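Per the numbering used here, the sequence shown runs over residues -15 to 353.
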Amino acid sequence: MREKWYEVLNASEVPSPCLLIYPDRVQENIHRMIHIAGGVERLRPHMKTHKMAELIRMQMEQGITKFKCATIAEAEMTAAAGADDVLLAYQPVGPNAQRVVQLARSFSKTKFSVIADDAEAIRALSAAFSKESPGIEVLLDIDCGQHRTGVSPGPKAVEVCRLIGSLAGLKAGGLHAYDGHIHDSDVAARTKNCEAAFAPVAVLRQQLLQAGLPVTRVVAGGTPTFPMHARRGDVECSPGTCVFWDAGYASNFADMDFLPAVVVLSRVISKPGANRLCLDLGHKSIASEMPHPRVRFLSLPDAKAVAHSEEHLVVETAQAEAFKVGDCLYGIPWHICPTVALHSEAVVVENGKAMQRWKIVGRERKLTI
-15 MREKWYEVLN ASEVPSPCLL IYPDRVQENI HRMIHIAGGV ERLRPHMKTH
35 KMAELIRMQM EQGITKFKCA TIAEAEMTAA AGADDVLLAY QPVGPNAQRV
85 VQLARSFSKT KFSVIADDAE AIRALSAAFS KESPGIEVLL DIDCGQHRTG
135 VSPGPKAVEV CRLIGSLAGL KAGGLHAYDG HIHDSDVAAR TKNCEAAFAP
185 VAVLRQQLLQ AGLPVTRVVA GGTPTFPMHA RRGDVECSPG TCVFWDAGYA
235 SNFADMDFLP AVVVLSRVIS KPGANRLCLD LGHKSIASEM PHPRVRFLSL
285 PDAKAVAHSE EHLVVETAQA EAFKVGDCLY GIPWHICPTV ALHSEAVVVE
335 NGKAMQRWKI VGRERKLTI
């Protein structure tokens, strides 16, 4: 095995900035994800991180059949890749309700479901699906502590579940509980907070069942908490970032043993002063919603960002003298999900060579629907 697994032997043929994807490492991450979950039937991976049909197919080849997405374009791409079961984890409002109808019509072999938390939005969804067969499953979105979307567990949640089951074109599909507010680095603290957040959801499930309301499934968690949810045995787990991993999760969740599988390729475009390098890795090439560091450069651990703009990143490093204009740098993004969305394609690296390109189809807001 090469010491510098990330280096591309034919990098001179690859323009920068760009994304490099390493399928062997992605495959290993999929295997580890399945192992942690306890089997493919426990998984409903989120595809918001990769947004690629090839990644859907790689997971399907390992037996995964259910997926979760955030946009209608992502749902369309996932269905077109052959997925059996796709959950749109985003309440459809306005014209999007009719777009979901068109989605279901266009991909009749795929079972679609959506989440919802608002009575009027649910009624609008019913109006859109009232003449459709077999209609669509709706999971009640539960606010388990993030306070972003969802209904708090309690009487109102029971009431909204009852509404879903009473309307034409809709079928109660269970509960969706995303605990994205839980990001403790300490495993014990993360486990404790995950249990505390999920406890009211478990109580709600029992209340619904006692009221004669079906709870077909509970979809819970994200990458940081899916190992905790996997131990429950009665929820579908929705990790996403772990197929690619990133520097942020590697720093914050050292207990999670995944491999960085996507790297940004950048080049030195100028040497503006002593101990400084200017790179072609601006805001438009790497996620920049967080403070620095926004990238961890492999083989250049002391690099410190001193300026960042749309197309330029200036770093300070004691090793600057060793670099010349045109030299390559490889970095792991701090936040991989929005970084991927900034690129239209990724260069596939196999056996150290750039071989082909995969389209990042799901980054678009609209495909055909």
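For each residue, glycine too, the CB sits at the ideal point set by N, CA and C.
Since we're looking at a predicted model, the values are computed, not measured.
Runs of alpha helix (DSSP H) with 4 or more residues, each lying fully within the region 243 to 295, are absent. Taking every protein chain shown into account, the CB of P275 has fewer than 16 other CB atoms within 10 angstroms, so this residue is exposed.
Taking 8 Å as the cut-off, the beta carbon of D125 is found no closer than this to the beta carbon of D163. The residue from V246, A302, A287 and K337 with its alpha-carbon nearest to that of I316 is V246. In the three-state reduction of the DSSP assignment, A100 falls in the strand class. H167 and K115 have their C-alpha atoms roughly 43 Å apart. Distance from the CA atom of C128 to the CA atom of S250, rounded to whole angstroms, is 40 Å.
Within the region 120 to 152, the runs of beta strand (DSSP E) that reach at least 3 residues and sit entirely inside it are, in chain order, 120 to 126.
Sixteen is the threshold: since fewer than 16 other Cβ atoms of the shown chains lie within 10 Å of the Cβ of M339, the residue is exposed. Note on geometry: alpha-carbon atoms of E(-9) and L243 lie some 15 Å from one another. Of K(-12), S0 and L(-7), the smallest CA-CA separation from I270 is found for S0. Excluding residues up to 5 positions away in sequence, S97, E121, V122, L123 and T200 lie with their Cβ nearer than 6 Å to the Cβ of G157 in the same chain. Taken through DSSP and simplified to helix, strand or coil, E12 comes out as helix. For C2, the enclosing beta strand (DSSP E) begins and ends at C2 to I5. For F210, there is no enclosing beta strand (DSSP E); the residue is part of the alpha helix (DSSP H) that begins and ends at F210 to A214.
Here DSSP, grouped into helix, strand and coil, assigns E116 to coil. A Cβ-Cβ distance of about 7 Å is found for the pair E60 and T352, placing them in contact under the 8 Å criterion. Under the 8 Å Cβ criterion, the region 285 to 305 does not count as touching the region 215 to 223, having fewer than three qualifying pairs. Taken through DSSP and simplified to helix, strand or coil, V187 comes out as helix. Within its own chain, the residues whose Cβ lies closer than 8 Å to the Cβ of V142, once the five positions on either side in sequence are excluded, are L188, Q191, L192, A195 and L197, listed in chain order.
Pairing A183 with H19, the inter-Cα distance amounts to about 25 Å.
By the C-beta density criterion, Q43 is buried, having at least 16 other C-beta atoms within 10 angstroms. Contact between the region 288 to 300 and the region 327 to 336 is absent: fewer than three C-beta pairs spanning the two stretches fall below 8 Å. By the Cβ-count criterion, Q75 is buried, with 16 or more other Cβ atoms from all chains shown falling within 10 Å of its own Cβ. Following the DSSP letters along the chain, one finds M339 inside the beta strand (DSSP E) bounded by residues K337 to K343. Contact check between the region 200 to 219 and the region 15 to 31: three or more CB pairs, one atom from each, fall below 8 Å, which counts as touching. Checking the DSSP bridge columns, you'll see P317 partnered with V279.
Between the beta-carbon of V77 and that of A103 there is about 12 Å, and that puts the pair past the 8 Å contact cut.
Going by beta carbons, K93 and L71 fall outside the 8 Å limit. For A231, the uninterrupted alpha helix (DSSP H) run begins and ends at A231 to N236, by DSSP.
Within the region 20 to 61, the runs of beta strand (DSSP E) that reach at least 3 residues and sit entirely inside it are, in chain order, 50 to 53.
With respect to the 8 Å criterion, A306 and L261 are not classified as neighbours on the basis of their beta carbons.
Inclusion of A88 and A108 in the CB contact set at 8 Å is not warranted, their separation being larger than that value. The alpha-carbon of G310 is positioned some 10 Å away from that of D264. Secondary structure note for A81: its alpha helix (DSSP H) is the uninterrupted segment N80 to S90. Counting along the chain, the unbroken beta strand (DSSP E) around K155 starts and ends at L154 to A161.
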